[in-house]
Every structure is written in C-alpha cells, then in structure tokens.
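Here the sequence shown is numbered in this note's numbering, starting from 1261 and rising by one per residue.
Cβ coordinates follow ideal geometry from the N, Cα and C atoms, glycine included.
All values reported here derive from a predicted model rather than from experimental measurement.
The structure appears below as structure tokens.
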Amino acid sequence: MIDVHCHLEQKDYNKDREHVIEQCAKELKAMISSCAHLLTRKDYELGLEMHQKYRDFVFLSMGVHPIYIKKATPEKIDRAVTLVESYKEDIVAIGEVGLDYYWVKDSGLRIKQQDLFKRFIGLAKKLELPLVIHCRDAIEDTLNILEENAAGIKVMMHLYSYRKHLQRLLDNGYSISIGPSISTSKDLKKIARDMPLDRIMLETDSPWFGFGKRNTPLAIRQVAEEIAKIKRCGFEEIWKAAGANAVKFFNLPLQI
Ligand SMILES: [Zn+2]
C-alpha cells in the first residue's frame, strides 16, 4: 500500500493537491514523490513542503531526470547536486536518474546523460541512499554503468519492462516497481510472473499512466490486483508484501 513512484509536485495537482493527498491517505500507507525536473527549484521546494506537511505519509526522492540533458549545463548540474545534497535529511532516495535513449538520440548528449547518471550514483553512494532508476531504450548501458559504479547501493528500476535482462537484474540484487502498464503489456505480465515477490514494489508514476485521465497513487490497487491474478495468489498478499518491500528498501519509518 505504498506508491513508490509518483510526481505529486506536477502542475496537474495544483488545484487540488491537498485533497488528492488526503484521499490517498485514507487507503495508502505512504507515497514517494519523485522530484527530478531539472533545477526548477520550485519542484524540489514543493516536494519539501508536502513532506513537511505530511511527514510520515509523503516521502521524497530527488535527482535529475535524463530527459533534461539538453538544458543541463555544468553549472546547472552542479547546482542540482548541491541542492539535492542539502536536502539529504528529507529524502529517502536519489532519483529518478538514469538513461533515456528514446527521447535523446544524439550520441554526444547520450554521453552527457551517462556522465550525469554517474554523478548521481556518486551522490547516492556519498549519502548512502538507494537509487531509483529511469531507463528507456538504454538497458545495456544502464546496467553496465550500474554494475561498474553502484556496488553496495540498493537499486530499484522504475517502470521496468526489459524481460531479457531480468536474470541479470536479479543476479545484481535489484528490485523493480511495477506500474499501471501491467494491464496492457504482455512483457510486463511475464516479468511480474517471473520476479520473486520480495523484489516487487508498486508504483503509478502519477499523474501519468491514467489511460486518458489524470492518475493518482490510488491506482496501485489495480496494479496489485493484476499482479495477484498473474501470480495466482491473494490480493492481500501482494498488497502487504509490496508495502513491506518498500519500507525495507527505502528505510521508511513505518510499520506494515
Ligand atoms: Zn517518474
């Protein structure tokens, strides 16, 4: 009952953010909002405000999403790293960070993405925080970089969908978070089937993945129902196990 990856600071919630959070608090134990939009200080600050108001309910991860690489000057990156570090007491993870070759085709920019990614892996190491990874069309490079640079750090692949690499992921000890696309993706259904339950967490990536409408963290219920069907076990079992996995992975001060 923890949405481990959503974006509550997005403008989609500007009109009713508190209402959404309060509705979610009736059903969920916690949610982790991912503030990763390059250097819009406001993005980080809004996250912080939510965390301060809903202390044991809204948690935060912070990083710089690889999609912003075009705008990421060295000065801006330095500033983001310093800012995230200054919030170290208020965040439970570094992320989302990683590689996105779907939106970024230019090879020079891809190299820059890799450098940015390594920089944040270094920060996760320094702060002893887990990593939340975004990876799109770049699984080989993502895994290579993680294997070379992130030894000893807990890793969660968000919206993971690469079936062929599942064994490698398992061997590395990584976890995955499964989102609403499980209802339409055959690959993801097979990943959920083959992934041991103690490595699975639930996410929505809200406000996105609402199938045409704005999504909220409450949609993890449907994700858990779908996983229960696939794994042929009870909904409660998935609901509880995924929640307990999140508490352990992010070291949240909660009891499931
Ligand atoms: Zn996200």
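Uninterrupted beta strand (DSSP E) stretches inside the stretch 1425-1473 (no shorter than 3 residues): Segments of the beta strand (DSSP E) lying fully in the stretch 1425-1473: 1435-1438, 1460-1462.
Per-residue DSSP class, three states only, for E1356: Within the sequence shown, the letter at position 96 stands for residue 1356. If DSSP states are grouped into helix, strand and coil, E1356 belongs with the strands.
Proximity below 8 angstroms, CB of D1350 to CB of R1474: In the sequence shown, residue 1350 corresponds to position 90, counting from 1. In the sequence shown, residue 1474 corresponds to position 214, counting from 1. Their beta carbons are not under 8 angstroms apart, which means D1350 does not touch R1474 by this criterion.
Backbone CA spacing between H1325 and I1490 [nearest angstrom]: Taking the first residue of the sequence shown as position 1, residue 1325 is located at position 65. Taking the first residue of the sequence shown as position 1, residue 1490 is located at position 230. When rounded, the distance between both Cα atoms is 31 angstroms.
V1344 - containing alpha helix (DSSP H), residue span: Sequence index remark: in the sequence shown, residue 1344 carries index 84 (1-based). Residues 1334-1346.
S1367 in three-state terms, based on DSSP: Start at 1 with the first residue of the sequence shown, and residue 1367 comes out as number 107. Looking at S1367 - three-state DSSP - the assignment turns out to be helix.
Selection from S1293, I1451, Y1420 that minimises the alpha carbon distance to E1269: By 1-based counting over the sequence shown, the position of residue 1269 is 9. For the residues S1293, I1451, Y1420, the minimum Cα distance to E1269 belongs to S1293.
L1320 (DSSP reduced to helix, strand or coil): Position 60 of the sequence shown holds residue 1320. Three-state result, L1320: strand.
Which residues DSSP lists as bridging A1290, in chain order: As a position in the sequence shown, residue 1290 is number 30, starting the count at 1. Note: A1290 sits in a beta bridge opposite I1262.
Option in P1334, V1364, Y1328 with minimal Cα separation from E1356: Counting from one through the sequence shown, the residue named residue 1356 turns up at place 96. The candidate whose alpha carbon is nearest that of E1356 is Y1328.
According to DSSP, residues forming a beta bridge with H1311: In the sequence shown, counting from the first residue as 1, residue 1311 sits at position 51. BP columns for H1311 are empty, so no partner.
Run of the alpha helix (DSSP H) containing L1403, from where it starts to where it stops: If you number the sequence shown from 1, residue 1403 lands on position 143. Residues 1399-1409.
Candidates K1331, Y1304, E1486: closest to F1319 by CA position: In the sequence shown, counting from the first residue as 1, residue 1319 sits at position 59. Measuring from the Cα of F1319, the nearest candidate turns out to be Y1304.
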